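Working notes, beginning with the structure itself.
In the numbering used here, the protein residues as written are 2 to 325.
What follows is the structure in structure tokens.
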């Protein structure tokens, strides 16, 4: 007996050249490096240049992921972009990325689940690949979050940054008892919490882009429990425990949330990938950026058991367990 599994073939990432440190941030709003680091763990973030769009970030990360996979755009038949900050209201940023890659075949669409977007997108790609709707997918998380920040609101503008991460995955026939690729996923949404983290604009409401608003304490209060919920569900589905994990790659929103989830789940710091200090919260780009860093520096290796998770506006939250 054989089964179809979704295997990771390559990772790529891109961060805009412009770096804003906490010290520079303190010249814009009433804050300090000490205040930001103590509450979030963030030390700097990258900001997209004028005229640099989300699809541009997608393109650079995608080209690097394809190179790492030993593939070209011609090998891809599905593109999913997770983003909250698309180039246009429509078409999908994935469609714009498709044409920038020189493709005119296959499927391309966006997913909007805010910070959980990449986990939702990867789970969607996994479903398409395992059911035969596609053979190889390019899954991208990308944001120009700086475009929806109120730069006079120190409770939000210090938290976010721009960037993109991309993953190439392929459907592969394996033995029925083989353990490889994406082993299981768990996704959740509870729209009752939407006013705790939202943007006060939209096409059918104000006709404007709007700015991010967040009830920080409320988000923090829910985050650790929600993260634990989906991780425990995935572990139960696979018969694994946190002790089996080689690496934990959480959404990079806040170091205190990462630490809190690790303590609750019994995952040691030395198994946790942390990039929030350098990237800040890049929303849907957060998880693939962290994965790319850990793959590039040799920490994540073939055969490793990797848990990814994210929680974001909606509220949305999800996790996936991957045998690399």
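Virtual Cβ for every residue (Gly too), placed ideally from N, Cα, C.
Note that the structure is a prediction, hence the values are computed from the model and not measured.
Own chain partners of residue i with C-beta closer than 7 Å, once the 5 adjacent residues on each side are dropped
i: residue 238; result: 185
i: residue 94; result: 55, 56, 59, 82, 84, 87, 88, 111
i: residue 99; result: 80, 109
i: residue 326; result: In the structure displayed, the chain extends from 2 to 325; residue 326 sits before or after that span and is not available.
i: residue 204; result: 90
i: residue 53; result: 17
i: residue 76; result: 137
i: residue 307; result: 247, 248, 250, 301, 323, 325
i: residue 24; result: 34
i: residue 303; result: 325
Endpoints, beta strand (DSSP E) assigned at residue i
i: residue 96; result: Not the beta strand (DSSP E): residue 96 falls in the alpha helix (DSSP H), residues 94-101.
i: residue 137; result: 137-145
i: residue 161; result: It is not in any beta strand (DSSP E) - residue 161 carries neither H nor E in the DSSP assignment.
i: residue 200; result: 198-200
Start-to-end residues for the alpha helix (DSSP H) that takes in residue i
i: residue 8; result: Careful: residue 8 lies outside any alpha helix (DSSP H), inside the beta strand (DSSP E) at 3-15.
i: residue 248; result: Premise fails: residue 248 lies in the beta strand (DSSP E), 248-251, not in any alpha helix (DSSP H).
i: residue 91; result: Careful: residue 91 lies outside any alpha helix (DSSP H) and carries neither H nor E.
i: residue 20; result: Residue 20 -> not in any alpha helix (DSSP H); beta strand (DSSP E) instead, spanning 19-22.
i: residue 334; result: Outside the shown range of the chain, which is 2 to 325, sits residue 334, and nothing can be said about it.
i: residue 260; result: 256-266
Pair within 8 Å by beta-carbon distance, residue i and residue j
i: residue 85; j: residue 115; result: yes
i: residue 305; j: residue 247; result: yes
i: residue 263; j: residue 273; result: yes
i: residue 157; j: residue 220; result: no
i: residue 315; j: residue 188; result: no
i: residue 284; j: residue 124; result: no
i: residue 250; j: residue 295; result: yes
i: residue 201; j: residue 208; result: no
i: residue 278; j: residue 2; result: no
i: residue 48; j: residue 118; result: no
i: residue 190; j: residue 276; result: no
6 Å CB neighbourhood of residue i in its chain, flanking five on each side removed
i: residue 127; result: 7, 183
i: residue 65; result: 13
i: residue 70; result: 10, 11, 169
i: residue 96; result: 109
i: residue 228; result: 262, 310, 312
i: residue 166; result: 14, 62, 142, 286, 289, 290, 293
i: residue 243; result: 266, 267, 268
i: residue 131; result: 5
i: residue 102; result: 74
i: residue 216; result: 197
i: residue 235; result: 185, 187, 320, 322
Identity of the residues DSSP links to residue i by a beta bridge
i: residue 301; result: Its beta-bridge partners do not exist; DSSP assigns none.
i: residue 318; result: 189, 312
i: residue 110; result: 81
i: residue 168; result: 12, 140
i: residue 45; result: 22
i: residue 345; result: What the structure shows of the chain is the stretch from 2 to 325, and residue 345 is not part of that stretch, so it cannot be assessed.
i: residue 174; result: 5
i: residue 273; result: 249
i: residue 115; result: In the DSSP output, where bridge partners are listed per residue, residue 115 has none listed.
i: residue 307; result: 248, 323
i: residue 183; result: 323
Cut-off 8 Å between Cβ atoms - residues of its own chain near residue i, not counting five sequence neighbours on either side
i: residue 50; result: 17, 18, 19
i: residue 22; result: 34, 44, 45
i: residue 30; result: 152, 153, 154, 155, 158, 159
i: residue 225; result: 258, 261, 262, 265
i: residue 27; result: 33, 34
i: residue 72; result: 10, 11, 137, 169
Residue i CB to nearest heavy atom of the ligand PLP below 7 Å
i: residue 62; result: In terms of ligand content, the structure shown is empty, and the ligand PLP therefore cannot be addressed.
field: Meets three-Cβ-pair contact criterion under 8 Å: the stretch 8-15 and the stretch 151-171
entry: Here the stretch 8-15 makes contact with the stretch 151-171; the two share three or more CB pairs at distances below 8 Å.
task: Tell me, please, whether the stretch 247-259 touches the stretch 138-147 by the rule of three or more beta-carbon pairs shorter than 8 Å.
output: With a cut-off of 8 Å, the stretch 138-147 and the stretch 247-259 do not count as touching, because too few Cβ pairs lie within range.
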